[in-house]
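J.: Would you mind keeping the following structure in view while I ask a few things?
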Amino acid sequence: MIVLRWVVLVLSLALVAQPPEAAGQARSSFANPAEYDNYQAALKTSDPAKRATAMEVFAAWYPNSIVRTESLEHAMAGWMAAKQPAKADFIAGKLLQIDPDNVHALAHRVYAARARAVQGDRAAIEPMVAGAERGVGALAKWQKPASIDDAAFARAKEQMSAVFNGALGYAAVAAKDYDKARRYYRESVAAEPDNLQDVYQLAVSQLEGTPLDALGFWFAARSIAIARAAKNETAAKDIDRYVRSRYRLYRGSEEGWDELLARVVAGEKAPPGGFVKSIPRALTPAELAIQLVEDNDPGSLSFADWALILRHRDTTPANRAVAEKTWKAIVDKQQGGGTRIKIPVKVITATPDVIEAAITDEARAGNVADLHIAMARPLAPLPARGSKIAIVGTLSDYKPQPFMFMMTRGELAPESLPVAGGPCADPRPQMCTRDYRPACGLHRDGTRKTYGNACSACSNPDVVTQSAGACP
24 MIVLRWVVLV
34 LSLALVAQPP
44 EAAGQARSSF
54 ANPAEYDNYQ
64 AALKTSDPAK
74 RATAMEVFAA
84 WYPNSIVRTE
94 SLEHAMAGWM
104 AAKQPAKADF
114 IAGKLLQIDP
124 DNVHALAHRV
134 YAARARAVQG
144 DRAAIEPMVA
154 GAERGVGALA
164 KWQKPASIDD
174 AAFARAKEQM
184 SAVFNGALGY
194 AAVAAKDYDK
204 ARRYYRESVA
214 AEPDNLQDVY
224 QLAVSQLEGT
234 PLDALGFWFA
244 ARSIAIARAA
254 KNETAAKDID
264 RYVRSRYRLY
274 RGSEEGWDEL
284 LARVVAGEKA
294 PPGGFVKSIP
304 RALTPAELAI
314 QLVEDNDPGS
324 LSFADWALIL
334 RHRDTTPANR
344 AVAEKTWKAI
354 VDKQQGGGTR
364 IKIPVKVITA
374 TPDVIEAAIT
384 DEARAGNVAD
394 LHIAMARPLA
404 PLPARGSKIA
414 IVGTLSDYKP
424 QPFMFMMTRG
434 ELAPESLPVA
444 GGPCADPRPQ
454 MCTRDYRPAC
464 GLHRDGTRKT
474 YGNACSACSN
484 PDVVTQSAGA
494 CP
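Here is the structure:
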């Protein structure tokens, strides 16, 4: 794994780059010349497993050596390079017994715990966090080894910081504390911008937190680019699938995502200035309700817009204010009840005295009533379920959740009243609307039947003629 190779580099950085002299110590610094020679022999062993073994033997032979800590650090790094993490972990334990703030040992322990946590071991998170927090503190007082220059030491501290902050960020994401996760991951990604796991987790913390930080879309694209560069197409596809879903929720469509991804994959290394503003956010329904009233005279809006505004009355104080303004406009439009308004509706249920109907497209599609109509007089015959009619009446009240307009003094609008009848012409109609305009069909055998409209009456080949209105 990329992460494993990276951690091996971190743990080895301040060790393998040392000059032939033992950790900057001259031969004269050793009381026993053989100790110096044995250390040098172990240090120059090229095979990592053999070097680790040699360093362990050295530490056992010379428990009071001035380079005992360094020898154990070399042993730990050697076992990691040899892909034997259990042995490296054993050495890390020895180092922490000698020095609880040994940054190399802490980094190993933190990395190992994070690897277990990623595999689903929840019990690994607590020791990982404890080690990472101690590691951050230890870094602040870590003294530069004499064997490396200032630039190498600064880089080593950066990489160690990435280990510790990345682990703390991982724990914060697991706890859904996205604000904290963002802080830690910004530190780790700044130190290691090509670390797939941390770059992706930074994106997650930005896209899942509240409010969503659109900068996360850039880091998500960057994590896909890193995965593709590593030939990890499975990870790239999984990340892309997740981010597209968040992008659609944020913007309302996928417009611009493919272009952003192509730009980052092509080599863009940092988000450009003004990146967040380049992705316009889709308004929530409650925000759209406010904007509708801010941009328009509420009395001129559609019935669907009125329903949207009034439905979100209790969402925020601003929504309540625009809902009150809209309802006043509706009352004024009806002149306090003196003027009735006409609404095209879809019938959901009907009785002689009450029609439950749907106004909005959403309600019509779901066959859910959002208008309760109290008829001015009993209605006969009743309109069929699903028929489209026009109603005139007074909007007298409403209920926000679930939304329902209340209409009183309801009557059929003129266009929904019966029309003049006449004989049925051939050829007979093959398709009719569901408009409600009752017609009485006279059958060839002399019987009569009420149909929803003249077209549906004449579509029956047994009907000779139809007359306006229901059959007597």
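Quick note: the numbering used here has the sequence shown finishing at residue 495, numbered continuously throughout.
For every residue, glycine included, the Cβ atom is placed at its ideal position computed from N, Cα and C.
Compute the Euclidean distance between the alpha carbons of P425 and D384, then round it to the nearest angstrom.
T.: Going from the Cα of P425 to the Cα of D384 covers about 16 Å.
J.: Nearest-angstrom Cα distance between L119 and R269?
T.: Roughly 43 Å between the two C-alpha positions.
J.: Please tell me whether C455 and S479 are closer than 8 Å, where the distance is taken between their beta carbons.
T.: Against a cut-off of 8 Å, the Cβ pair of S479 and C455 comes out as a contact.
J.: So Q229 is in the beta strand (DSSP E); what residue range does that whole segment cover?
T.: Q229 -> not in any beta strand (DSSP E); alpha helix (DSSP H) instead, spanning 219–231.
J.: With distances taken from CA atoms, which of A195, W84, T92, G160 is nearest R137?
T.: Selected option, being the one with the closest Cα: A195.
J.: List, from N- to C-terminal side, the alpha helix (DSSP H) runs of 4 residues or more that fit wholly inside the segment 59–141.
T.: Listed in chain order, they are 71–84, 91–104, 108–121, 126–141.
J.: Spatial neighbours of I249 within its chain, please: CB distance less than 7 Å, with the 5 preceding and 5 following residues excluded, ordered by chain position.
T.: Here the set comprises D217, L219, V222.
J.: Mapping DSSP to helix, strand and coil, what is Y208?
T.: In the structure shown, Y208 sits in a helix (DSSP, three-state: H, G or I).
J.: Can you tell me which of A352, K106, Y59, F53 puts its alpha carbon nearest to the alpha carbon of A75?
T.: Taking only the C-alpha atoms, the option nearest A75 is K106.
J.: Which residue from K254, R132, P461 puts its Cα closest to that of F187?
T.: Comparing Cα-Cα distances from F187 to each of K254, R132, P461, the minimum goes to R132.
J.: Do A381 and V368 count as a contact pair if the criterion is CB distance below 8 Å?
T.: Yes, Cβ-Cβ distance for V368 and A381 is below 8 Å.
J.: Kindly confirm or deny that the segment 387–403 and the segment 428–435 touch, where touching means at least three C-beta pairs closer than 8 Å.
T.: At 8 Å Cβ cutoff, the stretches touch.
J.: How is A397 classed by DSSP in three states: helix, strand or coil?
T.: Strand at A397.
J.: Evaluate S323 with the Cβ neighbour count: other Cβ atoms within 10 Å of its Cβ, from every protein chain shown; 16 or more gives buried, anything less gives exposed.
T.: Counting Cβ neighbours within 10 Å, S323 comes out exposed, since fewer than 16 surround it.
J.: Taking the beta strand (DSSP E) that C463 falls in, what are its first and last residues?
T.: C463 -> beta strand (DSSP E) spans 462–466.
J.: Please classify L507: is it buried, with 16 or more other beta-carbons within 10 angstroms of its beta-carbon, or exposed?
T.: Here the chain has residues from 24 to 495 only, and residue 507 is not among them.
J.: How many angstroms separate the CA atom of S211 from the CA atom of A109?
T.: When rounded, the distance between both Cα atoms is 25 Å.
J.: Beta strand (DSSP E) containing A491: first to last residue?
T.: Taken as a continuous stretch (DSSP letters only), the beta strand (DSSP E) holding A491 covers 486–491.
J.: Look up I249 in the DSSP assignment and say whether it is helix, strand or coil.
T.: Three-state DSSP puts I249 in a helix.
J.: With H, G and I counted as helix, E and B as strand and the rest as coil, what does DSSP make of D202?
T.: Note: D202 maps to helix in three-state DSSP.
J.: Closer than 8 Å by C-beta to H335: which residues in its own chain qualify, once you throw out the five before and the five after it? Chain order, please.
T.: Cβ within range, chain order: P308, A309, A312, N342, A346, P423.
J.: Quick one: measure Cβ to Cβ for Q224 and G192, integer angstroms, because I've assumed they're closer than 8 Å.
T.: Between G192 and Q224 the Cβ distance is about 6 Å, and since that is below 8 Å, they are a contact.
J.: May I ask you to report which of helix, strand or coil DSSP gives E421?
T.: What sits at residue 421 in the sequence shown is Tyr, not Glu. Strand at Y421.
J.: Go ahead and pull the three-state DSSP assignment for A477.
T.: Reduced to three states, the DSSP call for A477 is helix.
J.: How many Å lie between C494 and W350 at the Cα?
T.: So the two alpha carbons sit approximately 41 Å from each other.
J.: Beta-carbon within less than 6 Å of K356's beta-carbon, same chain only, minus the 5 sequence neighbours each way: which residues are those?
T.: Around K356: G322.
J.: So A128 packs on M103, CB below 8 Å; how close in whole Å?
T.: Not quite, the Cβ-Cβ distance comes to about 11 Å (not below 8 Å), so this is no contact.
J.: Run through DSSP, which three-state label would V415 get?
T.: Note: V415 maps to strand in three-state DSSP.
J.: With distances taken from CA atoms, which of P437, D468, P484 is nearest P461?
T.: Ranking the options by Cα distance to P461, first place goes to P437.
J.: When we look at the beta-carbon of E79 and count the other beta-carbons within 10 Å, is it buried (16 or more) or exposed?
T.: Buried.
J.: Let's see if you can read the secondary structure: which residues bound the alpha helix (DSSP H) around A388?
T.: Looking at the DSSP string, the run of the alpha helix (DSSP H) that includes A388 is 384–389.
J.: Taking just the CA atoms, how far does R264 sit from L331?
T.: Between L331 and R264, the C-alpha separation is close to 31 Å.
J.: Out of curiosity, what's the CA-to-CA distance linking A399 and I378?
T.: Those two C-alpha atoms are separated by around 11 Å.
J.: Looking at C-alpha atoms only, which residue of A407, Y421, G409, T488 is the closest neighbour of P446?
T.: Among A407, Y421, G409, T488, the Cα nearest to that of P446 belongs to T488.
J.: Which of the three DSSP states is assigned to L333 in this structure?
T.: L333: helix per DSSP, three-state reduction.
J.: Comparing alpha-carbon positions, which option in D420, T417, T374 lies nearest A407?
T.: Closest by alpha carbon: T374.
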